[in-house]
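Colleague:
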Amino acid sequence: MNVRDRLIEAIEQALHDLNVDFSLQKIHLERPANTDHGDWSTNIALATAKNLNRNPRDLASEIAATLEQQSPDFVEEIQIAGPGFINFKLNDAWLHEVLVQVVTAGTDSWAAHNVGENQRVIVEFVSANPTGPLHAGHGRGACFGDSVARLYQKCGYSVQRDFYINDRGAQMRLYVESLSARASNAEVPEGGYHGEYVREWAAEMPSDADPFEWGYQRALRSHRETLEALNIHFDNWFSEKSMVDSGAIESTLTDLQEARAVFESDGAVWLQSTQWGDDKDRVLVKSDGEYTYLLPDIAYHRDKFERADLLVNVWGADHHGYITRMHAAMSALKHKPEDLQIAITQMVRLQRDGEEVKISKRTGDIVELSEVIQEVGSDAARFTYLLLSVDSSQNFDLELVAQQVNENPVFYVQYAHARIHSIMKKADQEGVTLPPVEKVNLSLLNNPRELAILRALQELPETVLRSTQEIAPHRITNWARDFASLFHSFYHDCRIIGEDIDTELTEARLWLVEASRVGLVVSLDLLGVSAPKEMWREDENGESNG
RNA sequence: GCCCCUGUAGCUCAGCUGGAUAGAGCAACGGACUUCUAAUCCGUAGGCCGCAGGUUCGAAUCCUGCCGGGGGCGCCA
C-alpha cells in the first residue's frame, strides 16, 4: 500500500475513534502547493465541522491528537494550520520508496492503471472528408485524439482508433466532379472544389481511371501519409458507403422505427430528437429519398457500440451543435449517453512571426497539415498542439514552433532526456557499476532538488488518471515541462559523477536519474513525442558543434 | 434570439470535482560555463483572476446577470 492510502486509512481510523460521521465526505488528501505546509494535507475537519456544528480548528486538533497516538512511522509531524487544515510532514524515506517503485515499475508500468479493466474503447478522430488534404486545424484533433487513445491504453482500456470516411453524399460528388472537370480542362461545377490540389491530383489521374474510385483513394492516401508523418496510425478506416452496401443504414432506420423514435412529415423521415432534449427534431431521410449526413453517422455509431463499451469522439468546434442529436439517437438505440463521450477542439489560427497565415505560399490554398509538419517537425507539432487545453483556441506560430529556442518547450523537455543519456554514457565510460536499487543507500538523497523530482514522479500516476478522465492530455504536456525544469535544476546543483563525489552518492543519484528517465519517457510517450538520446544545437552556420 | 468555448502578469497560457501567500514559459533587468551538453541554471520585477451581485468558514474556481472575443444554430457535410 502506498503512503497516500496509508494516510487516508489512518485518518479514517482516527475519525472512527472520535465518532465523527464523515460518510458524506470523501477524505480529500492533497499535496499542498507550498511545501511549508507539509507533504500532505487534508481539509476533512473543515469539511465535516459544519454538519457537526463544531469549530473546525478544534475538531482538527482532536483529529490530530488522535492521529498522533497511532501515527504511522513515516509521519514526522502533524500540524494544524489556517482555518483547520491538518498537515502532515513526512520522513523523506517515503520519497525514497517512491524512487524504488518508479524504477521497479519502469517505463512500461509506472503511472499505468487498471481502471479500464480491459473495457473496449473506440477513439474516433480526424474523420475528415476524403475531398482534399488535411489542414492545420485537423492536426490538433489528430494529435489530441491519438494522445487520448494512448492515455486510455495506459489506464488499462483496450483501445481502437477509428477514422470515419464520408465517401458518399453531396460533398464527395462535388469533389469527384471537380476532379474530372480539371482533368478535362472543363469548368469546376457550381459549389465545387477550386483548390490547387485538385489541379495537381487531376494531372496525376490516369485517363482510364474511374474518377470516383481514383479520387477517393488519392485523398485517402494523402490523409494516411500526413498522419503517418505524425506517427498516427488508425486501426479502422470506416467507410460510410460500405454501410449502404451492407444494409446497415437501413437496419439502423428500422431499429429507430421500432424504438418509436422516428416519424414522417412533409415527405421526410425525422428523428424525434426532442424526446431527448434536442431543441428541434432532425431529418434522417430527405423528401427526395436521400439520407442526410445524420442517419449514416448514427448507423456508424451503432456499429461502434457493437465493437466497444465506450466511445470517445473528437470533433471540431463547428460540430458542437450535433452533440445533443447524436446523444438523442444513441438514447433511442438504448445506449447510455455517458458511454459516448464527445470532446470538442477549439479553433487553430496559424501564424508566422505573430502575423496570421491564411494562405499557403506554395499552393495558394489553406495551409496543409503536411506543410506544417514539414516546416516544424513531427515532435514540435505534436507537443505544441498538445500544450494547451483544447477548450482554448490556439495560435500556432510556425516560425516559433520551428525554432530551437527557449520559447519552444519541446526541446527543453527532450533535452532533459538527452542529458540523462549523457550521464548514463559518462557513468559507463567511468566504469561505474550500479548495484541493484535495494542495495543502494537512497537516504543520501536529501537535497531539495532531489526530493522535488521524487514528489513530481509520485504525482505522475494521478496526473495520468485525471488526464484520461477529463480527456485532457495537455495536463501531461504541462507535467512534462514542469518535470524537465525540476530535472535541469537538479542537474545543475547536484553533480553525479566525479572524483569528489562519494561512490554511494553517485549510486543513489544514478538511480534518481534512472527514475527521471522513466518519468520523461512515460510522459513523452503519452504525447507521441520522441525521447532522443542526443541533441546538438546547430550554430549559425548550420553546422553541428557537438 | 438560442447553444458551446473563452476572458488570469507586457505576450502565450496553466490552475476551475471550492482551500492556505494565484503559478509557469517567453519577453525585460541582473548574475552563473575549468564540469555528466549553457538547448542549462539562479535572482529581480511584473496581478481590481473582464465587471457586478449571490452561495460559503473560505470563490480565479460554484450560481445569476451584464460586457468583450471565437464558433455553431439547414430536408449541407
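Per this note's numbering, residue 25 is the first one in the first sequence, and the count goes up by one each step.
From the three backbone atoms N, C-alpha and C, an ideal C-beta is built for every residue, glycine too.
As the structure is a computational prediction, the values presented were derived from the model and not from experiment.
In angstroms with no decimal places, state the Cα-to-Cα distance between A38 and I87.
Modeller: The residue you call residue 38 lines up with position 14 of the first sequence. The residue you call residue 87 lines up with position 63 of the first sequence. Taking the straight line from one Cα to the other gives about 6 Å.
Colleague: Straight-line CA distance for I146 to L529?
Modeller: Reading the first sequence from its first residue, position 122 is the one you call residue 146. Reading the first sequence from its first residue, position 505 is the one you call residue 529. Near 47 Å, if we compare the C-alpha coordinates of L529 and I146.
Colleague: If you drop the 5 nearest sequence neighbours on each side, which residues of the same chain put their C-beta closer than 7 Å to that of H351?
Modeller: Taking the first sequence and counting its residues from 1, the one referred to as residue 351 is at position 327. So the list reads W300, P361, L364, once near-sequence residues are dropped.
Colleague: Check whether the Cβ atoms of E135 and V488 lie closer than 9 Å to each other.
Modeller: Locating residue 135 in the first sequence gives position 111, where the first residue counts as 1. Locating residue 488 in the first sequence gives position 464, where the first residue counts as 1. One point to set straight first is that residue 135 is Ala, not Glu, in the sequence displayed. Their beta carbons are under 9 Å apart, which means A135 touches V488 by this criterion.
Colleague: Could you tell me which whole beta strand (DSSP E) segments of length 3 or greater appear in the region 64-123?
Modeller: 64-66, 99-105, 109-114
Colleague: Going by beta-carbon coordinates alone, are L550 and L295 separated by less than 9 Å?
Modeller: The residue labelled residue 550 in the question sits at position 526 within the first sequence. The residue labelled residue 295 in the question sits at position 271 within the first sequence. Taking 9 Å as the Cβ cut-off, L550 and L295 do not qualify as a contacting pair.
Colleague: Where does L374 sit, in a helix, a strand or coil, going by DSSP?
Modeller: Working through the first sequence from its first residue, we reach residue 374 at position 350. Looking at L374 - three-state DSSP - the assignment turns out to be strand.
Colleague: Report the option in S208, G401, A404, V425 whose CA atom is closest to the CA atom of R376.
Modeller: Residue mapping note: residue 376 aligns to position 352 of the first sequence, counting from 1. Measuring from the Cα of R376, the nearest candidate turns out to be V425.
Colleague: Shortest alpha-carbon distance to I256 belongs to which of A405, A243, P230?
Modeller: For the purposes of this step, residue 256 is taken as the residue at position 232 of the first sequence. If we check each option's Cα against that of I256, A405 comes out closest.
Colleague: Spell out the partners DSSP gives E379 in its beta bridges.
Modeller: For the purposes of this step, residue 379 is taken as residue 355 along the first sequence, with counting starting at 1. According to DSSP, E379 bridges with R376.
Colleague: Curious, which full-length alpha helix (DSSP H) runs of at least 4 residues does the region 375-445 contain?
Modeller: 393-400, 402-409, 422-426
Colleague: Between the beta-carbon of E92 and the beta-carbon of I104, is there less than 9 Å?
Modeller: Position 68 of the first sequence holds residue 92. Position 80 of the first sequence holds residue 104. Contact: no.
Colleague: For the alpha helix (DSSP H) holding Q299, just list the boundary residues, first then last.
Modeller: If you number the first sequence from 1, residue 299 lands on position 275. Q299 -> no alpha helix (DSSP H), and no H or E assigned at all.
Colleague: Taking the CB atoms as reference points, tell me whether D312 and F287 lie closer together than 9 Å.
Modeller: Taking the first residue of the first sequence as 1, we reach residue 312 at position 288. Taking the first residue of the first sequence as 1, we reach residue 287 at position 263. The answer is no: Cβ separation not under 9 Å.
Colleague: Please report the straight-line C-alpha distance between V542 and L548, rounded to a whole angstrom.
Modeller: Your numbering for residue 542 matches position 518 in the first sequence. Your numbering for residue 548 matches position 524 in the first sequence. Taking the straight line joining both Cα atoms gives about 10 Å.
Colleague: Determine the burial state of R245: buried for a count of at least 16 other Cβ atoms within 10 Å of its Cβ, exposed for fewer.
Modeller: Within the first sequence, the letter at position 221 stands for residue 245. By the 16-neighbour rule on beta-carbons within 10 angstroms, R245 is exposed.
Colleague: Tell me which residue opens and which closes the alpha helix (DSSP H) that V139 is part of.
Modeller: Position 115 of the first sequence holds residue 139. Unbroken run through V139: none, as it is neither H nor E.
Colleague: Suppose the cutoff is 7 Å on Cβ atoms and the five residues either side in sequence are ignored; what does the same chain contact list for T90 look like?
Modeller: Reading the first sequence from its first residue, position 66 is the one you call residue 90. Around T90: A38, D41, L42.
Colleague: My guess is that R144 and S204 are in contact by the Cβ rule of under 8 Å, so how many angstroms apart are they, rounded?
Modeller: To locate residue 144, count along the first sequence from 1; it is residue 120. To locate residue 204, count along the first sequence from 1; it is residue 180. 41 Å between Cβ atoms; not a contact.
Colleague: Mind listing, in chain order, the continuous alpha helix (DSSP H) runs of no fewer than 4 residues lying wholly within the region 443-530?
Modeller: 472-493, 498-517
Colleague: Answer with buried or exposed for M20, where buried requires no fewer than 16 other C-beta atoms within 10 angstroms of its C-beta.
Modeller: Since the displayed the chain opens at 25 and closes at 570, residue 20 lies outside it and no answer follows.
Colleague: Excluding the 5 residues flanking Q418 on each side, which residues of the same chain have their C-beta closer than 6 Å to its C-beta?
Modeller: For the purposes of this step, residue 418 is taken as residue 394 along the first sequence, with counting starting at 1. The answer, listed in chain order, is V372, L412.
Colleague: Assign V553 to one of three DSSP states: helix, strand, or coil.
Modeller: Numbered from its first residue, the first sequence carries residue 553 at position 529. It is coil, neither helix nor strand.
Colleague: Among D60, S65, A57, which one has its Cα closest to the Cα of I51?
Modeller: The sequence position of residue 51 within the first sequence is 27, counting from 1. It is S65.
Colleague: Quick one: what's got a C-beta closer than 7 Å to N79's C-beta in the same chain, skipping five residues either side?
Modeller: Locating residue 79 in the first sequence gives position 55, where the first residue counts as 1. Same-chain partners within the cutoff: A73.
Colleague: Whole angstroms are fine: how far does the CA of Q482 sit from the CA of N67?
Modeller: In the first sequence, residue 67 corresponds to position 43, counting from 1. In the first sequence, residue 482 corresponds to position 458, counting from 1. Each residue's alpha carbon lies about 21 Å from the other.
Colleague: If you check the beta carbons only, do L76 and D45 fall under 9 Å apart?
Modeller: Residue 76 sits at position 52 when you count from the first residue of the first sequence. Residue 45 sits at position 21 when you count from the first residue of the first sequence. In contact: L76 and D45 (Cβ atoms closer than 9 Å).
Colleague: For V212, which of helix, strand or coil comes out of DSSP?
Modeller: Residue mapping note: residue 212 aligns to position 188 of the first sequence, counting from 1. Coil, per DSSP.
Colleague: For L357 versus L319, is the C-beta distance shorter than 9 Å?
Modeller: Here residue 357 refers to the residue found at position 333 when the first sequence is read from its first residue. Here residue 319 refers to the residue found at position 295 when the first sequence is read from its first residue. Judged by their CB atoms, L357 and L319 are not nearer to each other than the 9 Å cut-off.
Colleague: Assuming F98 and V27 make a contact with CB atoms under 8 Å, what is their CB distance in whole Å?
Modeller: Counted from its first residue, the first sequence places residue 98 at position 74. Counted from its first residue, the first sequence places residue 27 at position 3. Indeed they touch by this definition, with Cβ atoms about 6 Å apart.
Colleague: Residues in its own chain within less than 6 Å of G388 by CB, not counting five upstream and five downstream?
Modeller: Along the first sequence, read from residue 1 onward, the residue named residue 388 stands at position 364. Excluding sequence neighbours, G388 sits near E220.
Colleague: Residues in the same chain with beta-carbon distance under 8 Å from L198, minus the five sequence neighbours each way, listed in chain order, please.
Modeller: For the purposes of this step, residue 198 is taken as the residue at position 174 of the first sequence. For L198, where only same-chain residues beyond five positions count, the Cβ hits under 8 Å are T155, P213, G215, G216, Y217.
Colleague: Residue range of the alpha helix (DSSP H) that F236 falls in?
Modeller: Numbered from 1 along the first sequence, position 212 holds the residue referred to as residue 236. Note, F236: alpha helix (DSSP H), 235-253.
Colleague: Looking only at C-alpha atoms, which of Y315, L280, A283 sits nearest to A292?
Modeller: Position 268 of the first sequence, counted from the start, is the residue given in the question as residue 292. Among Y315, L280, A283, the Cα nearest to that of A292 belongs to Y315.
Colleague: Roughly how far, in whole angstroms, is the beta-carbon of N209 from the beta-carbon of G180, given that I think they are within contact range, below 8 Å?
Modeller: Locating residue 209 in the first sequence gives position 185, counting from the first residue. Locating residue 180 in the first sequence gives position 156, counting from the first residue. Going by Cβ atoms, the distance from N209 to G180 rounds to 57 Å, so no, they are not a contact pair.
Colleague: Does the separation of the CB atoms of I322 and I347 fall below 9 Å?
Modeller: The count along the first sequence starts at 1 and reaches residue 322 at position 298. The count along the first sequence starts at 1 and reaches residue 347 at position 323. In this structure, I347 does not lie closer than 9 Å to I322 by Cβ.
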